[in-house]
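Engineer: Input: one structure, supplied below.
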């Protein structure tokens, strides 16, 4: 009970910090900077938000961005996990694939933008491609290390209980044992994917999207609208991470929560 | 059922300097069905290596192991194993851990849960059915591991210092429970330990190994009637004899 009220008090502190921050921002913008192009005040940002929301641009950009994001991240999960599994399970395939992964991995995802445009044109596929490149490597690496670190005793216990074939060992022993690592790979990938999304859209691989219009409004010198897009990008990023974390902890890693909490 | 014949078994490991470390040296041993045998020896005498060979987890350099006339060539559902470390799958609940072997065998869900429930009851953990291993104490985890190994109804149960990590009180309790389970299920049990007290309390016969290379030093039958009393004079005498034997004849030369 006391823990609960303590949590509520702490949450109150967080809200207070945001209010103080907004007040200082407003005062600095209105009385010191006095120039909305350099620093739009919170009130300017709020009215810009209302304007954008009413015109429907924001919703359309949001939808477009979420499509890019889901396509890129989804493909990264579907491609990255199997690659991580085969590299983590078989020493031979690891030796074969590792050089390729290690050479491609350090290339910043944004360096792929020219080819994304040439290969896919100004379609949603090119944005999804850049996001895919950013997201797939953390997933491969984490799945790989999760599989490498499966305790030998689980594999041997499985063998003694009649789970002897490679595919059933992977499915029933190694994958569940590696799941915490796979899940954290997906979480890292989500963060990277979100950053790549803005950059990919910003470089013109798409005609709509949150990142695209952030840049568009900069060109129009509407800095209040730029701030709206910045805040929305931050909030969605936070929300996606929270949903993912909740979903992972409650559906896949229930067995771990006791040890963590 | 559960007759084990070990013939001329040799095992060695390559060291980093390419020399060979002989772990087991021409070991011969026969264990008859439904017998409770403890293998006793100092750490590093090849006890675990021997057990892993019987389990089919490792391959022997030479020699053979026959279980009911059939050579052991790999992990076999007729052989159950309880590991020294905690080996329960942490992502599965207690009941799903016990049912794992049956699930691998393709037993339909309702039937395998029925069987698993029975073994859960055998180790007295019915109220922990849906817990995850992380919620259990060390002793409970090993009891679940015993139930999991028994659920496949093996003829031979191998136990590698299963109570080694537990406190003395829990350990004594689990030993009594294990004997009870053995009475009920009548498996052949090979139990590895370095505790003389544990070996005398549990076994029909104690196999004392010499360390490096592992050879059988002596096989001691324990004729004390069960239930054995750890504090009785007879128990103490047997214990002292075995300790003497280890100190005089079965230690490193």
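Residue numbers (this note's numbering), protein chains in the order written: chain A, 578 to 838; chain B, 120 to 372.
Just so you know, even glycine gets a beta-carbon here, dropped at the ideal spot from N, CA and C.
1. Check whether chain A comes within 9 angstroms of residue 355/B, counting only Cβ atoms and requiring the distance to be less than that.
2. Take residue 728/A as the anchor and find which of 295/B, 318/B, 152/B and 208/B has the nearest alpha-carbon.
3. Please classify residue 519/A as buried or exposed, where buried requires at least 16 other C-beta atoms within 10 Å of its C-beta.
4. Out of curiosity, what's the CA-to-CA distance linking residue 818/A and residue 645/A?
5. So for residue 355/B, helix, strand or coil by DSSP?
6. Please check the pair residue 270/B and residue 228/B, which I expect to be a contact at CB under 8 angstroms, by giving their CB distance rounded to whole angstroms.
7. Kindly indicate if chain B contains any beta-carbon less than 9 angstroms away from that of residue 659/A.
8. Can you list, in chain order, the stretches of the alpha helix (DSSP H) that have 4 or more residues and sit fully within the segment 654 to 709 of chain A?
9. Please report how far the alpha carbon of residue 170/B lies from the alpha carbon of residue 764/A, in whole angstroms.
10. Quick check on the DSSP output: the alpha helix (DSSP H) that includes residue 223/B runs from which residue to which?
11. Is it right to say residue 183/B is buried, meaning 16 or more other beta carbons lie within 10 angstroms of its own, or is it exposed?
12. In whole angstroms, give me the CA-to-CA distance for residue 220/B and residue 738/A.
13. What do you get for residue 582/A, buried or exposed, if any count of 16 or more other CB atoms within 10 angstroms of its CB means buried?
14. Does any residue of chain A bring its CB to less than 9 angstroms from the CB of residue 244/B?
15. Assuming residue 593/A contacts residue 605/A under a Cβ cut-off of 8 angstroms, what Cβ separation, rounded to an integer in Å, is found between them?
16. Do residue 139/B and residue 127/B have their C-beta atoms within less than 9 angstroms of each other?
17. Starting from residue 733/A, find everything on chain B with Cβ-Cβ shorter than 7 angstroms and list it in chain order.
18. Since residue 326/B contacts residue 354/B with CB under 8 angstroms, what's their CB separation in whole angstroms?
19. Please state whether DSSP places residue 126/B in a helix, a strand or coil.
20. Once DSSP output is grouped into helix, strand and coil, what is the label at residue 253/B?
21. Is the beta carbon of residue 174/B less than 9 angstroms from the beta carbon of residue 285/B?
22. Using only CA atoms, which one of 204/B, 282/B, 247/B and 194/B lies nearest to residue 273/B?
23. Chain A beta carbons: is any one of them nearer than 9 angstroms to that of residue 209/B?
24. Rounded to the nearest angstrom, what separates residue 361/B and residue 351/B at their Cα positions?
25. Pairs of beta-carbons, one from the segment 739 to 752 of chain A and one from the segment 677 to 688 of chain A, closer than 8 angstroms: are there three or more?
26. So which residues on chain A does residue 194/B lean against when the C-beta distance must stay under 7 angstroms?
27. Please report whether the beta-carbon of residue 232/B lies at a distance below 9 angstroms from any beta-carbon of chain A.
28. For residue 132/B, which residues from the same chain have a beta carbon less than 8 angstroms from its beta carbon, with the 5 sequence-adjacent residues on both sides left out?
29. Just the C-alpha distance for residue 166/B and residue 309/B, rounded to the nearest angstrom, thanks.
30. So which residues on chain A does residue 197/B lean against when the C-beta distance must stay under 9 angstroms?
31. Who are the neighbours of residue 832/A on chain B, taking C-beta pairs under 7 angstroms?
32. Compare the C-beta of residue 297/B against all C-beta atoms of chain A and say whether one is closer than 9 angstroms.
33. Ends of the beta strand (DSSP E) at residue 798/A?
34. Would you please verify whether the beta carbon of residue 224/B is less than 9 angstroms from any beta carbon of chain A?
35. If residue 697/A and residue 706/A are in contact, beta carbons under 8 angstroms, what's the gap, nearest whole angstrom?
36. If I follow the unbroken alpha helix (DSSP H) through residue 236/B, where does it start and stop?
Structural biologist: Put simply:
1. Stepping through the second chain from its first residue, residue 355/B is reached at position 236. With 9 angstroms as the cut-off, residue 355/B does not count as an interface residue toward chain A.
2. Along the first chain, one-based indexing puts residue 728/A at 151. The closest CA to that of residue 728/A, considering only 295/B, 318/B, 152/B and 208/B, is found on 208/B.
3. Past the boundaries of the shown model lies residue 519/A; chain A is included only from 578 to 838, so the question cannot be answered.
4. For this step, residue 818/A is matched to residue 241 along the first chain. For this step, residue 645/A is matched to residue 68 along the first chain. Straight-line measurement puts the Cα of residue 645/A at about 17 angstroms from the Cα of residue 818/A.
5. As a working note, residue 355/B is residue 236 in the second chain. Helix, per DSSP.
6. Position 151 of the second chain, counting from 1, holds the residue named residue 270/B. Position 109 of the second chain, counting from 1, holds the residue named residue 228/B. Beta-carbon to beta-carbon, residue 270/B and residue 228/B are separated by about 14 angstroms, too far to satisfy the 8 angstroms threshold.
7. Here residue 659/A is taken as the residue at index 82 of the first chain, counted from 1. Not one chain B Cβ lies under 9 angstroms of residue 659/A.
8. Unbroken alpha helix (DSSP H) runs of no fewer than 4 residues, entirely contained in the segment 654 to 709 of chain A, are found at 668 to 681 and 690 to 697, following chain order.
9. Within the second chain, numbered from 1, the residue matching residue 170/B stands at position 51. Within the first chain, numbered from 1, the residue matching residue 764/A stands at position 187. Going by the C-alpha atoms only, they are around 42 angstroms apart.
10. For the purposes of this step, residue 223/B is identified with residue 104 of the second chain, where counting begins at 1. Start and end: 219 to 224.
11. By 1-based counting over the second chain, the position of residue 183/B is 64. When all chains shown are included, residue 183/B counts as exposed.
12. Within the second chain, numbered from 1, the residue matching residue 220/B stands at position 101. Within the first chain, numbered from 1, the residue matching residue 738/A stands at position 161. For the pair residue 220/B and residue 738/A, the Cα-to-Cα distance works out to about 5 angstroms.
13. Within the first chain, numbered from 1, the residue matching residue 582/A stands at position 5. Exposed.
14. Numbered from its first residue, the second chain carries residue 244/B at position 125. So, not an interface residue.
15. Working through the first chain from its first residue, we reach residue 593/A at position 16. Working through the first chain from its first residue, we reach residue 605/A at position 28. About 19 angstroms separates the CB atoms of residue 593/A and residue 605/A; that is not less than 8 angstroms, and the two are not in contact.
16. By one-based count along the second chain, residue 139/B stands at place 20. By one-based count along the second chain, residue 127/B stands at place 8. With a cutoff of 9 angstroms on beta-carbon distance, residue 139/B and residue 127/B are scored as not near each other.
17. Position 156 of the first chain, counted from the start, is the residue given in the question as residue 733/A. Going along chain B in sequence order, the residues near residue 733/A (Cβ under 7 angstroms) are 176.
18. Residue numbering aside, residue 326/B sits at position 207 when the second chain is read from its first letter. Residue numbering aside, residue 354/B sits at position 235 when the second chain is read from its first letter. About 19 angstroms separates the CB atoms of residue 326/B and residue 354/B; that is not less than 8 angstroms, and the two are not in contact.
19. Residue 126/B sits at position 7 when you count from the first residue of the second chain. DSSP places residue 126/B in strand when its eight states are reduced to three.
20. Walking along the second chain from the start, residue 253/B turns up at place 134. The answer is helix: DSSP assigns residue 253/B an H, G or I state.
21. Translated into the one-based positions of the second chain, residue 174/B becomes position 55. Translated into the one-based positions of the second chain, residue 285/B becomes position 166. Going by C-beta atoms, residue 174/B is not nearer than 9 angstroms to residue 285/B.
22. Here residue 273/B refers to the residue found at position 154 when the second chain is read from its first residue. The alpha carbon of residue 273/B has as its nearest neighbour, out of 204/B, 282/B, 247/B and 194/B, the alpha carbon of 194/B.
23. Counted from its first residue, the second chain places residue 209/B at position 90. Yes, residue 209/B lies at the interface with chain A (some Cβ there is under 9 angstroms from its Cβ).
24. Along the second chain, read from residue 1 onward, the residue named residue 361/B stands at position 242. Along the second chain, read from residue 1 onward, the residue named residue 351/B stands at position 232. About 16 angstroms.
25. The segment 739 to 752 of chain A is not in contact with the segment 677 to 688 of chain A.
26. The count along the second chain starts at 1 and reaches residue 194/B at position 75. Contact of residue 194/B with chain A by beta-carbon distance below 7 angstroms involves 736, 737 and 741.
27. The residue labelled residue 232/B in the question sits at position 113 within the second chain. No, residue 232/B lies away from the interface with chain A (no Cβ there is under 9 angstroms from its Cβ).
28. For this step, residue 132/B is matched to residue 13 along the second chain. The answer, listed in chain order, is 139, 140 and 142.
29. Here residue 166/B refers to the residue found at position 47 when the second chain is read from its first residue. Here residue 309/B refers to the residue found at position 190 when the second chain is read from its first residue. Taking the Cα positions, residue 166/B is about 11 angstroms away from residue 309/B.
30. As a first step, residue 197/B must be located in the second chain, where it is residue number 78. Those do not exist, as residue 197/B stays about 10 angstroms from chain A at its closest Cβ, beyond 9 angstroms.
31. Residue 832/A sits at position 255 when you count from the first residue of the first chain. For residue 832/A, the C-beta contacts it makes with chain B under 7 angstroms involve 209, 210, 251 and 253, in order along the chain.
32. As a first step, residue 297/B must be located in the second chain, where it is residue number 178. Interface annotation, residue 297/B: not in contact with chain A, CB-CB separation never under 9 angstroms.
33. By one-based count along the first chain, residue 798/A stands at place 221. Careful: residue 798/A lies outside any beta strand (DSSP E) and carries neither H nor E.
34. Taking the first residue of the second chain as 1, we reach residue 224/B at position 105. Residue 224/B counts as touching chain A.
35. What you label residue 697/A is simply residue 120 of the first chain in a count that begins at 1. What you label residue 706/A is simply residue 129 of the first chain in a count that begins at 1. That pair is a contact at about 6 angstroms.
36. The residue labelled residue 236/B in the question sits at position 117 within the second chain. Element bounds for residue 236/B: 228 to 241.
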